[in-house]
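Residue 176 in our numbering is what sits at position 100 of the sequence shown, and the numbering runs on without skipping anything.
I have placed the structure first, in the form of structure tokens, so that the comments after it can refer back to it.
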Amino acid sequence: KQYNLNDISTIDKLVTFYSQSIRKDSINKINKNNLIWRVDNKELDRNIDEFRCASGYFNEFKINHINELDNVIKRNYQTLSYFGVDKNKFLSFFSKKRPLGIDRIVPIGKTLDFSLNWDGYDLINQMSRSINII
Numbered sequence: 077k078q079y080n081l082n083d084i085s086t087i088d089k090l091v092t093f094y095s096q097s098i099r100k101d102s103i104n105k106i107n108k109n110n111l112i113w114r115v116d117n118k119e120l121d122r123n124i125d126e127f128r129c130a131s132g133y134f135n136e137f138k139i140n141h142i143n144e145l146d147n148v149i150k151r152n153y154q155t156l157s158y159f160g161v162d163k164n165k166f167l168s169f170f171s172k173k174r175p176l177g178i179d180r181i182v183p184i185g186k187t188l189d190f191s192l193n194w195d196g197y198d199l200i201n202q203m204s205r206s207i208n209i210i
């Protein structure tokens with residue numbers, strides 16, 4: 077089934093891409109239609125989150141070493157999706173660097189999967205009341 081993209085979403089993607097192009101000359105759009113916009117970034121900018129857009133607008137950057145993530149992770153980042161990386165590299169990186177952001181690290185395609193541990197919180201314990209009798 078083909079997803080129906082409304083006009084404003086198409087315009088939002090165009091405005092976001094043009095705004096990003098003005099601020100960064102090292103990007104390329106690599107898509108074949110309006111549904112998915114993949115933006116290839118030649119440099120990873122600390123302020124990449126200023127160019128977020130809904131409805132299928134994705135900024136991509138290929139890193140050579142996982143430590144490059146340290147320059148861009150901010151507190152408000154929740155989920156990191158990955159492809160082609162051994163998850164043990166993330167374990168090593170996050171145990172050494174301990175960045176303030178990123179509560180979940182999941183393979184591409186699993187970002188919307190729900191679990192009882194969400195955004196770094198155990199939902200059952202957060203939403204449960206406990207009565208202690210001594």
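Ideal Cβ placement from N, Cα and C applies to all residues, glycine included.
- In the structure shown, Arg-114 adopts extended strand secondary structure according to DSSP, grouped into three states.
- Contact between the segment 104 to 116 and the segment 79 to 93 is present: 3 or more CB-CB pairs across the two stretches fall below 8 angstroms.
- Taking the CA atoms as reference points, Ser-131 sits about 23 angstroms from Ile-149.
- If you look at Ile-181, you'll find it isn't in any alpha helix (DSSP H); it sits in the beta strand (DSSP E) that goes 180 to 183.
- A residue is called buried when at least 16 other Cβ atoms come within 10 angstroms of its Cβ; Val-115 meets this threshold and is buried.
- Around Ser-97, the same chain offers Ile-103 as residues with beta carbons nearer than 8 angstroms, after the five sequence neighbours per side are excluded.
- Gln-154 sits away from Asp-189, with the two beta carbons spaced by 7 angstroms or more.
- DSSP places Thr-155 within a strand segment (E or B) once states are collapsed to three.
- Each residue's CA atom was taken as its position, placing Lys-165 and Asn-117 some 23 angstroms apart.
- With a 10 Å radius around the Cβ and a threshold of 16 neighbouring Cβ atoms, Phe-134 comes out exposed.
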